[in-house]
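Residue numbers (UniProt numbering): 1 to 102. One structure below.
Next comes the structure, spelled out in structure tokens:
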């Protein structure tokens, strides 16, 4: 299921993924947000089928979802690493008291 969220005043259609522990963003979207400073570059995430995804870096921000502001760490990945602009992970889902409907 996809959900529109707001990050740094920009609306972004995001995949809600209860199987992902973290929140991910494509590098191109990060650039559109003004390239906020990144920390912890060089991390590797392991996903489904033991696939590996290189994290360029991460930044802390507030995600607005259903008029709720949730602080979260966003991991920036290379554009070819995923098909969605943004993936909302389980941590953010648990923090927001949002009713998800399919």
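Ideal Cβ positions, reconstructed from N, Cα and C, are used throughout, including at glycine. Remember, it's a predicted structure, so these values are computed and weren't measured experimentally.
Query                                                                                                    : Result
Counted within 10 angstroms of its Cβ, other Cβ atoms place residue 26 as buried (16 or more) or exposed : buried
Nearest-angstrom Cα separation, counted from residue 20 out to residue 105                               : Shown here, the chain extends from 1 to 102; a query on residue 105 therefore has no answer.
Local conformation of residue 92 per DSSP, three classes                                                 : helix
Residues bridged to residue 60 (per DSSP)                                                                : 73
Test item: CB-CB of residue 76 and residue 44 under 8 Å                                                  : no
Residue from 14, 64, 4 with nearest C-alpha to residue 87                                                : 14
Selected residue, minimal CA-CA separation from residue 94, among 16, 53, 58                             : 16
Nearest-angstrom Cα separation, counted from residue 74 out to residue 22                                : 8 Å
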